[in-house]
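Student:
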Amino acid sequence: MRLSTRGRYGTRLMVDLAQHYADGPIPLAKIAKRQDLSAKYLEQLIILLKGTGLIRSARGRHGGYMLARRPEEIYLGEIIEALEGRLAIVDCVAEPELCDRSPECPTRGIWVGMTDILKKQLFSLNLQDVVLKSTPLEDLLADSDK
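Residue 6 in this note's numbering sits at position 6 of the sequence shown, with consecutive numbering throughout.
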């Protein structure tokens with residue numbers, strides 16, 4: 001599995017909203033400027049994130065976007081799945097029927113195991129973890145093993 005620009009930028013967007021959670025709704029232009037990303041591209045990501053219930057919006061003069069739940073209740077795995085689709089190293093892990101060889105494939109177990117590790121890590125880290133630690137992901141992943 002390769003994380004696309006959509007997954008990376010969407011995660012940055014969500015971390016930004018978590019960092020400013022107490023500020024209430026944040027205008028998209030402000031997020032785009034802080035993250036040095038295109039507001040037009042972020043709009044596309046927001047549609048996906050709103051559709052999965054991770055972000056909500058407020059209209060009006062003090063409108064903008066905010067997390068739909070508290071930062072400690074939103075996990076990186078949810079964000080990546082909302083933006084990238086199902087988490088799987090290869091397609092046959094999520095949908096074995098796609099490959100005729102799945103039942104007897106000698107390498108499928110490897111891909112299933114790797115997918116399980118990836119999911120475990122991403123669903124053990126929430127936005128609050130990322131905001132509070134402000135450390136590279138490698139450090140966060142090492143801490144989650146403890």
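All C-beta atoms in this analysis are idealised placements derived from N, C-alpha and C, irrespective of residue type, glycine included.
For G7, which option in G85, T115, V112, D129 has the closest C-alpha, if you only look at C-alpha atoms?
Tutor: Sequence index remark: in the sequence shown, residue 7 carries index 7 (1-based). Considering only alpha carbons, the answer is G85.
Student: Kindly indicate which residue of R59, I55, R108 has the alpha-carbon position closest to the one of E73.
Tutor: Taking the first residue of the sequence shown as position 1, residue 73 is located at position 73. Of the candidates R59, I55, R108, the one whose C-alpha sits nearest the C-alpha of E73 is I55.
Student: Whole angstroms are fine: how far does the CA of A22 sit from the CA of P96?
Tutor: Taking the sequence shown and counting its residues from 1, one reaches residue 96 at position 96. Taking the sequence shown and counting its residues from 1, one reaches residue 22 at position 22. When rounded, the distance between both Cα atoms is 44 Å.
Student: Between which residues of its own chain and Y9 is the CB-CB distance below 8 Å, once the five residues before and five after are set aside?
Tutor: As a first step, residue 9 must be located in the sequence shown, where it is residue number 9. Cβ neighbours of Y9 beyond the five flanking positions: Q35, L37, Y41, L42, L45.
Student: Secondary structure at R6, three-state DSSP: helix, strand or coil?
Tutor: Working through the sequence shown from its first residue, we reach residue 6 at position 6. In the structure shown, R6 sits in a helix (DSSP, three-state: H, G or I).
Student: Taking contact to mean at least 3 C-beta pairs separated by less than 8 Å, is the stretch 62-82 in contact with the stretch 115-128?
Tutor: Verdict: yes, contact present.
Student: Mind checking who Y65 pairs with in its DSSP beta bridge?
Tutor: Along the sequence shown, one-based indexing puts residue 65 at 65. BP columns for Y65 point to I26, S57.
Student: Can you give the Cα-Cα distance for S4 and V112, rounded to whole angstroms?
Tutor: Sequence index remark: in the sequence shown, residue 4 carries index 4 (1-based). Sequence index remark: in the sequence shown, residue 112 carries index 112 (1-based). Between S4 and V112, the C-alpha separation is close to 21 Å.
Student: Verify whether the separation of the beta carbon atoms of V131 and A18 is less than 8 Å.
Tutor: Working through the sequence shown from its first residue, we reach residue 131 at position 131. Working through the sequence shown from its first residue, we reach residue 18 at position 18. Cβ atoms of V131 and A18: closer than 8 Å.
Student: Would C105 and L98 be called neighbours here (beta carbons separated by less than 8 Å)?
Tutor: Counted from its first residue, the sequence shown places residue 105 at position 105. Counted from its first residue, the sequence shown places residue 98 at position 98. Cβ distance not < 8 Å, so C105 and L98 don't count as in contact.
Student: Cβ atoms of G63 and P25: under 8 Å apart, would you say?
Tutor: The sequence position of residue 25 within the sequence shown is 25, counting from 1. The sequence position of residue 63 within the sequence shown is 63, counting from 1. Yes; because the gap between Cβ atoms is below 8 Å, this pair is in contact.
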